[in-house]
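Below: one structure, written as structure tokens.
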Amino acid sequence: IRPEHIETGQKPGAIPATVTHLEALGSETFVIATLADGHSLQIRVAADQPVEIGSTLQISFPLPLIHLFDPVTELAIRP
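Read left to right, the sequence shown gives residues 1 to 79 (the UniProt record's numbering).
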């Protein structure tokens with residue numbers, strides 16, 4: 001899933017992610033956040049969305065926008 005497709009906010013099935021880095025780029029901000037299992041991911045949010053290092057975002061992933069890849073062949077897995 002691309003950073004711009006990760007959704008933030010309280011939604012059913014949302015998971016917590018702790019903000020570790022911010023990169024403000026004018027009209028948008030890229031957020032690096034860490035999940036409970038230690039994996040990190042990048043999220044793109046609007047520049048006017050208040051986000052602080054150390055804060056927790058609730059994130060969710062729209063199923064139609066998730067792309068899966070075989071870890072051995074690195075080929076896309078299509079439904």
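Using N, Cα and C, we set each Cβ at its ideal position, and we do this for glycine too.
What residues are listed by DSSP as bridge partners for residue i?
{"i": "S40", "result": "T34"}
{"i": "S60", "result": "E7"}
{"i": "L65", "result": "L65 is not bridged to any residue."}
Specify, as a first and last residue, the run of the beta strand (DSSP E) that residue i falls within.
{"i": "I15", "result": "I15 to A24"}
Here's the rule: buried if 16 or more other CB atoms are within 10 angstroms of the residue's CB, otherwise exposed. What is residue i?
{"i": "A33", "result": "buried"}
{"i": "L57", "result": "buried"}
{"i": "A76", "result": "exposed"}
{"i": "T8", "result": "buried"}
{"i": "A17", "result": "buried"}
My output table needs one value for residue i: the three-state DSSP class, helix, strand or coil.
{"i": "L75", "result": "coil"}
{"i": "V45", "result": "strand"}
{"i": "E52", "result": "coil"}
Since residue i and residue j are thought to touch, with beta carbons under 8 angstroms apart, how far apart are those beta carbons, to the nearest angstrom?
{"i": "H21", "j": "P62", "result": "So it is not a contact: roughly 24 angstroms between Cβ atoms."}
{"i": "A47", "j": "T73", "result": "Not confirmed; about 39 angstroms, so no contact."}
{"i": "A14", "j": "I59", "result": "6 angstroms"}
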